[in-house]
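**Student:** Sequence order for the protein chains is A and B. The first sequence runs 1 to 309 under the working numbering. The second sequence runs 1 to 269 under the working numbering. Here a beta-carbon is modelled for each residue, glycine too, at the ideal position from N, C-alpha and C. Model, not experiment: these values are computed from the prediction.
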Amino acid sequence: MRNAFFDTLVEIAAHDPRIVLMTADLGFGFVDRFATRFPERFVNVGIAEQNLAGVAAGMALGGKVVFTYSIGNFPTLRCLEQIRNDICYHRASVKVVACGGGLAYGSLGTSHHATEDLAIMRALPGVVVEAPGDAREAAAAVKALVAADGPAYLRLGRDERFVHRSSPSYEIGRAIEVRAGRDLTLISTGGMLTTVVEVADRLRSEGLAARVLSMHTVKPLDADAVLAAARETQAIFTIEEHSLVGGLGSAVAEVLAESATRVPFRRFGLPDAYVSVAGSQEFLLARYGLSVDAILASVTAGVGVPQFR
Amino acid sequence: MTAPTLARQIRAHVLRMTNRAGSSHVGSCLSVADLLAVLYAGWLRVDPSRPVDPERDRFILSKGHACAALYAVLAERGFFPVERLETFYADGSRLIGHVSHTAAPGIEASTGSLGHGLAIGCGMAMTAAVDRRSSRTVVLMSDGECGEGSIWEAALLAAHQRLDRLVAIVDANRLQGLGEVNDVLRIEPLADKWRAFGWSVRDIDGHDCDEIRAALEAMPFETGRPSCLIARTVKGKGVSFMEDQLSWHYRAPTDDDLVVALREIEAVS
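#1: Take alanine 139(A) and list the residues in its own chain whose beta-carbon comes closer than 8 Å to its own, dropping the five residues that flank it on each side.
#2: Is it the case that the Cβ atoms of glutamine 176(B) and glycine 144(B) are separated by a distance below 8 Å?
#3: With 8 Å as the limit, tell me which residues of the stretch 46-64 of chain A have their beta carbon closer than that to any beta carbon of chain B; keep them in chain order.
#4: Take glutamate 83(B) and list the residues in its own chain whose beta-carbon comes closer than 7 Å to its own, dropping the five residues that flank it on each side.
#5: Let's see if you can read the secondary structure: which residues bound the alpha helix (DSSP H) around tyrosine 153(A)?
#6: For the putative contact between glycine 133(A) and glycine 190(A), defined by C-beta atoms under 8 Å, what is the C-beta separation to the nearest angstrom?
#7: Does glutamine 82(A) come within less than 8 Å of chain B when only Cβ atoms are used?
#8: Which whole-angstrom value describes the C-beta separation of leucine 140(B) and serine 62(B), a residue pair presumed to lie in contact below a C-beta threshold of 8 Å?
#9: Would you give the residue range spanned by the alpha helix (DSSP H) that arginine 231(A) belongs to?
#10: Alpha carbon to alpha carbon, how far is alanine 172(B) from alanine 48(A)?
#11: By Cβ distance below 7 Å, which residues in the same chain neighbour glycine 269(A) in space, the five residues on each side in sequence not counted?
#12: Is the stretch 217-229 of chain B in contact with the stretch 2-16 of chain B, if contact means three or more CB pairs nearer than 8 Å?
#13: Quick check on DSSP: helix, strand or coil for phenylalanine 34(A)?
#14: Alpha carbon to alpha carbon, what distance is there between tyrosine 105(A) and threonine 238(A)?
#15: For cysteine 146(B), collect the residues of the same chain with a Cβ closer than 6 Å to its Cβ; drop the 5 residues on either side in sequence, then sort them by chain order.
#16: Assign threonine 102(B) to buried or exposed, taking buried as 16 or more other Cβ atoms, counted over all protein chains shown, within 10 Å of its Cβ.
#17: Which first and last residues belong to the alpha helix (DSSP H) in which glutamate 198(A) is found?
#18: Note down, in chain order, all residues in the stretch 111-145 of chain B with a beta-carbon under 7 Å from any beta-carbon belonging to chain A.
#19: For methionine 141(B), which beta-bridge partners are listed by DSSP?
#20: Can you pull the chain A neighbours of histidine 101(B), defined as C-beta to C-beta under 7 Å?
#21: Express the C-alpha separation of glutamate 153(B) and valine 277(A) in angstroms, rounding to a whole number.
#22: Quick check on alanine 154(B) - is its C-beta less than 8 Å from some C-beta in chain A?
#23: Which residues in the same chain as methionine 126(B) place their Cβ atom closer than 8 Å to its Cβ, once the five residues preceding and following it in sequence are excluded?
#24: Keeping to the same chain, check which residues put their C-beta closer than 8 Å to that of leucine 156(B); ignore five residues upstream and five downstream.
#25: To the nearest angstrom, how far is the alpha carbon of alanine 135(A) from that of glutamate 160(A)?
#26: Using a Cβ cut-off of 9 Å, pull out every chain A residue sitting near leucine 157(B), in sequence order please.
#27: Mind pulling the chain A residues with CB within less than 9 Å of alanine 168(B)?
#28: Please identify, using Cβ separations under 8 Å, the residues of the stretch 71-97 of chain B that lie next to chain A, in order along the chain.
#29: Kindly list, in the order they appear in chain B, the residues whose Cβ is closer than 9 Å to that of aspartate 149(A).
#30: Is the CB of asparagine 85(A) under 8 Å away from at least one CB in chain B?
#31: For proline 306(A), which three-state DSSP category applies?
#32: By DSSP, does leucine 185(B) sit in helix, in strand, or in coil?
#33: What residue does the beta strand (DSSP E) around arginine 58(B) start on, and which one ends it?
#34: With H, G and I counted as helix, E and B as strand and the rest as coil, what does DSSP make of leucine 184(A)?
#35: Does any CB atom of chain A fall closer than 8 Å to the CB of serine 270(B)?
#36: Would you report the Cα separation of leucine 103(A) and valine 197(A), rounded to the nearest angstrom?
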């Protein structure tokens, strides 16, 4: 998604002089394409994330639309109070971008795993939280975030996979229906979309039509899409590369619990624990039941039991 | 209004406000009164009739707990009615107990958690530089606040970016929450630290309006460098029983205290 992000930002910056890109010394091989074209609007603040967020707020209050770029938890948790007080409280147009959401940095370890970011960012008033499902959604997200005033968080995966064949119709706060279906609903956020679509396609070969929603906006959540799924399909599953505490699954559960609907519901995500083994993203996802096979087995078993019918 | 007169007004307002509210930080407000007075008596290019003019100067009170002094000077300069100062701290009032941009026009940034203001000010100065504007940015912080690492991240960047339209003022009143700054966490030699971070520094008497004014007029002290004023101040300045007393970081003046304090403030010519 990084290529999509940087290429789109360069494209927008060419005709929008408000765009500023700031980094805390990360983005090797990527930031150059912006920095060489717009040197006055590129700032590397050095390894100083608190400053990254605070300075970005100041620039945005002067009229700029600032993208702060870093990886993992560095642009969020490391400077959370600056994001809360300096960016969000002022409704400054700062778009905080983290590359490597979830377990994307696999073997680099816990320090580099962004697995609570959605929950934490979602808790801040007034912030839009985006986790696009593929590179085409990521490109669309950048455009949508520039068009929307105010603060936002954009979680990017490291991979460059495509689920959509062409640029999808993308609106902040509106889930994208990637597969139509009436038997059950799979709600995905972020880079899990590739896996979830594969699960849906395999379910179809077993005779189950799964609706797949790419819930690229975790906040404000598309409650209408969730409630429609509750009415129109037999079960809802959420899938996220994020802790089960506070992320997509929690947000969907909040909507369901406060509605009059009764629908079987289950969350797939990471346990409330730290990863303390080395492993590729693929290995770690499988270890925590987020592989195609593991999700497929759980969904099939779940749909097969009486309370799911 | 001359700066000394404005400073007296700020002090009187602050004493009444903290007395009425029963609120803390009167000492911190009194130590910055002369600095704020000089800034707002004519040096800052701000206009209450055009509070968001892009060419305006920006002022950030990073030590946001001294908000009563900022609210007072803004009211005196016509950004909002002086009578509204009576609502400071009151239930439902917009005059919140730490600086909030929602409180009144003319407030550039909300603060209260220490160590945030200089980074925001850097960003404002950088936007002004990119946009080729003449705006100047002033950030007022405290010596105790310099314990925050984020101050030094911003100090590095401001020098690296050669932000010579940025001024940091350190209200060096030598006292912080639990004691003397240098006993809690040694910060001196303060001027040397700022110099080492690439700033051009002047050490001044933070209660001498002429000296403050002269220093501000001289900025940038060096072309291509941000300017730092170490303002040597006295916490609680102007009220004999509050001066240099740690307890007045937290205590609110009683009605009796207020009578004596106002008498002392008025006696200053």
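**Tutor:** Taking the definition as stated:
#1: Hits under 8 Å: Ala4, Phe5, Asp7, Thr8 and Ser167.
#2: Their beta carbons are under 8 Å apart, which means glutamine 176(B) touches glycine 144(B) by this criterion.
#3: Within the stretch 46-64 of chain A, the qualifying residues are Gly46, Ala48, Gln50, Asn51, Ala53, Gly54, Val55, Ala56, Ala57, Gly58, Met59, Ala60, Leu61, Gly62, Gly63 and Lys64.
#4: Contacts found: none.
#5: For tyrosine 153(A), there is no enclosing alpha helix (DSSP H); the residue is part of the beta strand (DSSP E) that begins and ends at 152-156.
#6: Taking 8 Å as the upper bound for CB-CB distance, glycine 133(A) and glycine 190(A) are in contact here, some 7 Å apart.
#7: Yes - at least one Cβ of chain B is within 8 Å of the one on glutamine 82(A).
#8: In this structure leucine 140(B) touches serine 62(B) by the C-beta definition: roughly 6 Å separates them, less than 8 Å.
#9: For arginine 231(A), the enclosing alpha helix (DSSP H) stretches over residues 223-232.
#10: Approximately 26 Å between the Cα atoms of the pair.
#11: The answer, listed in chain order, is Glu240, His242, Ser243, Leu244, Gly247 and Gly249.
#12: Touching, no.
#13: Three-state DSSP puts phenylalanine 34(A) in a helix.
#14: Cα to Cα, the separation comes out at about 22 Å.
#15: Setting aside the 5 residues that flank it on each side, cysteine 146(B) is surrounded in the same chain by Ile187, each with a C-beta closer than 6 Å to its C-beta; the list follows chain order.
#16: It is exposed - the Cβ of threonine 102(B) has fewer than 16 other Cβ atoms within 10 Å.
#17: Start and end: 193-205.
#18: Of all residues in the stretch 111-145 of chain B, Ser113, His116, Ala119, Ile120, Gly121, Cys122, Gly123, Met124, Met126, Thr127, Ala128 and Val130 have a Cβ within less than 7 Å of some Cβ in chain A.
#19: When DSSP reads this structure, methionine 141(B) sits in a beta bridge with Val170(B).
#20: Contact note: histidine 101(B) reaches chain A through His90, using a C-beta cutoff of 7 Å and chain order.
#21: So the alpha carbons of these two residues sit roughly 34 Å apart.
#22: Taking 8 Å as the threshold, the shortest C-beta distance from alanine 154(B) to chain A falls below it.
#23: Closer than 8 Å at the Cβ level, and outside the excluded window around methionine 126(B), lie Gln161 and Leu163.
#24: Within the same chain, Phe197 and Gly198 come within 8 Å of leucine 156(B) by CB-CB distance, once the 5 residues on both sides are set aside.
#25: One C-alpha to the other measures close to 6 Å.
#26: Close to leucine 157(B), with beta-carbon spacing below 9 Å, are these residues of chain A in chain order: Val43, Val45, Gly46, Ala48, Asn51 and Val55.
#27: Residues of chain A passing the Cβ test: none, with the nearest at roughly 13 Å.
#28: The stretch 71-97 of chain B vs chain A, Cβ under 8 Å: nothing.
#29: The premise fails here: aspartate 149(A) is roughly 15 Å from chain B at the closest Cβ pair, so nothing lies under 9 Å.
#30: Yes, because at least one Cβ of chain B sits closer than 8 Å to the Cβ of asparagine 85(A).
#31: Because proline 306(A) carries a pLDDT of 49, less than 50, the predicted location of this residue cannot be relied on, and no value is offered for it.
#32: Note: leucine 185(B) maps to coil in three-state DSSP.
#33: Unbroken beta strand (DSSP E) run through arginine 58(B): 58-61.
#34: The three-state reading of DSSP puts leucine 184(A) in strand, counting E and B together.
#35: For chain B, the structure presents residues 1 to 269; residue 270(B) sits outside this window and is missing.
#36: Leucine 103(A) and valine 197(A) have their C-alpha atoms some 19 Å from each other.
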